[in-house]
Amino acid sequence: MRRIGSQTRETLAESGYRLLERVDDETVILQAIGDPAQQEFWFKQDDHAGYTIEVDGVGYEYARDVLSQHKHPTTRVG
Numbered sequence: 009m010r011r012i013g014s015q016t017r018e019t020l021a022e023s024g025y026r027l028l029e030r031v032d033d034e035t036v037i038l039q040a041i042g043d044p045a046q047q048e049f050w051f052k053q054d055d056h057a058g059y060t061i062e063v064d065g066v067g068y069e070y071a072r073d074v075l076s077q078h079k080h081p082t083t084r085v086g
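Residue numbers (the working numbering): 9 to 86.
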């Protein structure tokens, strides 16, 4: 974990999450390792204040939990 100004930043490996889906160019769904039910939308936001997870070198900010009825075309990863 590192601090950049008012941002706390972790790599995906450090965060305890894994990349589940790429929704589009700006949005990913991350899943907590060890808790498949915990799935969250994260939006690309490389320079916001607060906690950031880095996916492929770009910062993402937490947006909200994924609801169980979430259905849309996505690219599943890993």
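Just so you know, even glycine gets a beta-carbon here, dropped at the ideal spot from N, CA and C. The model shown is predicted, which means the values in this text are computed figures rather than measured ones.
Proximity below 7 Å, CB of residue i to CB of residue j
i          : j          : result
residue 49 : residue 72 : yes
residue 16 : residue 68 : no
residue 47 : residue 37 : yes
residue 40 : residue 25 : yes
For residue i, three-class secondary structure by DSSP
i           : result
residue 34  : coil
residue 20  : helix
residue 53  : coil
residue 109 : Residue coverage of the chain in this structure runs from 9 to 86, which leaves residue 109 outside it and unanswerable.
Proximal residues to residue i (C-beta, below 7 Å), its chain only, five neighbours per side dropped
i          : result
residue 63 : 20, 27 and 36
residue 57 : 14 and 15
Residues near residue i by beta carbon distance below 8 Å, same chain, minus five either side
i          : result
residue 66 : 52 and 54
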